[in-house]
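What follows is a short report on a single structure.
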Amino acid sequence: MPFPILYLISDFLFLMVYHVVGYRKRVVRENLRNSFPERSEEERREIERKFYHFLCDYFVETLKLGTMSRKQLERHMRFVGVEEIDEELKTHPFVFIMLGHFGNWEWVSTLGSFSKNHCAQLYTRLHSRLADRLFFKLRTRFGSENIEKHDALKRILTLRKEGIRSHVGFISDQSPTPLATHLWVNFLNQETGVFTGAERIGRKVGAACYFVTLSRPKRGYYECRFECLTHDIASLPEHELSKLFMKRLEEEIQKAPHLWLWSHRRWKHSREEVERIQKRTD
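Here the numbering used here is used: the first residue of the sequence shown is 614, the next is one more, and so on.
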């Protein structure tokens with residue numbers, strides 16, 4: 614279907630998801646209230662409405678990846694700085710690319726069609742077998758490799774052993790499990806556990822690291838830019854990279870809050886709960 618028809622479908626989905634079903638509306642409102650206590654209720658409701666409208670756009674845009682041609686993709690998805698990260702691979706075995714659930718993060722997986730180097734992204738299997746097959750296909754359609762999250766270190770070490778220099782994407786704003794929580798930061802006005810996997814793996818394999826800024830100039834068009842966080846992850850103090858990432862992600866969210874995934878239960882584990890669980894397992 615052409616984009617104008619898809620966005621008509623998205624507009625209808627918005628009416629159903631937001632006004633009829635109220636999908637995770639309680640979670641979204643709690644997250645917005647805790648993240649932006651300085652904003653008025655009216656301002657938060659405006660972010661809420663724009664978020665749900667974007668969420669429906671995200672859904673139809675992601676499905677569109679299944680049929681888009683390379684020429685069509687180039688019109689709608691612009692990568693700025695690919696030459697810089699490709700150049701980085703001349704002196705480093707890996708460039709780790711860190712991003713959040715911001716904008717249409719699925720479209721960033723098309724980097725493999727724009728870079729002359731091997732590209733991959735970490736991937737977590739979905740509970741639905743049908744949805745898992747669909748998203749696996751979408752994320753690999755333009756040349757990138759999916760790396761199972763739990764096999765990440767093993768696969769990355771294999772790539773290094775085989776001499777395959779690679780860009781590897783990490784979506785690093787998930788809520789880590791209690792036993793995997795090694796760092797807490799203040800993020801969006803809340804004490805937040807941080808997933809530090811990219812940093813820990815990057816130290817072992819000599820990776821450079823870049824942050825993705827993803828903007829949406831207009832409906833159906835994205836611009837992805839790469840911002841260097843460090844040329845050598847191992848050169849930074851422990852946890853410094855993870856703190857840098859969370860700081861930059863928060864800055865991007867503050868500029869366009871409706872583009873972040875507010876329906877995710879990002880703060881489902883409190884620090885007290887996590888420390889209590891960790892003590893029980895020591």
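Glycine included, C-beta positions come from ideal geometry on N, C-alpha and C.
- Contact between the segment 832-850 and the segment 871-887 is absent: fewer than three C-beta pairs spanning the two stretches fall below 8 Å.
- For residue 814, the three-state secondary structure derived from DSSP is helix.
- Using a C-beta cut-off of 8 Å, the segment 714-729 makes contact with the segment 751-762, since at least three inter-stretch Cβ pairs fall below that distance.
- With the rule of 3 Cβ pairs closer than 8 Å, the segment 737-750 does not count as touching the segment 807-818.
- Setting aside the 5 residues that flank it on each side, residue 866 is surrounded in the same chain by 873, each with a C-beta closer than 6 Å to its C-beta; the list follows chain order.
- In this structure, residue 660 sits near residue 870, with a CB-CB distance shorter than 8 Å.
- Rounded to whole angstroms, the gap between the alpha carbons of residue 861 and residue 800 is 10 Å.
- A Cβ-Cβ separation of about 5 Å places residue 821 in contact with residue 705 under the 8 Å criterion.
- The beta carbons of residue 710 and residue 783 sit closer together than 8 Å.
- Bridge partners of residue 736 according to DSSP: 761.
- For residue 647, the secondary structure class from DSSP, reduced to helix, strand or coil, is helix.
- When the beta-carbon positions are compared, residue 760 and residue 735 come within less than 8 Å of each other.
- Taking all protein chains in view, the Cβ of residue 634 is surrounded by fewer than 16 other Cβ atoms within 10 Å, so the residue is classified as exposed.
- Beta-bridge pairing by DSSP links residue 749 to no other residue.
- The criterion of a C-beta distance shorter than 8 Å is not satisfied by residue 657 and residue 664.
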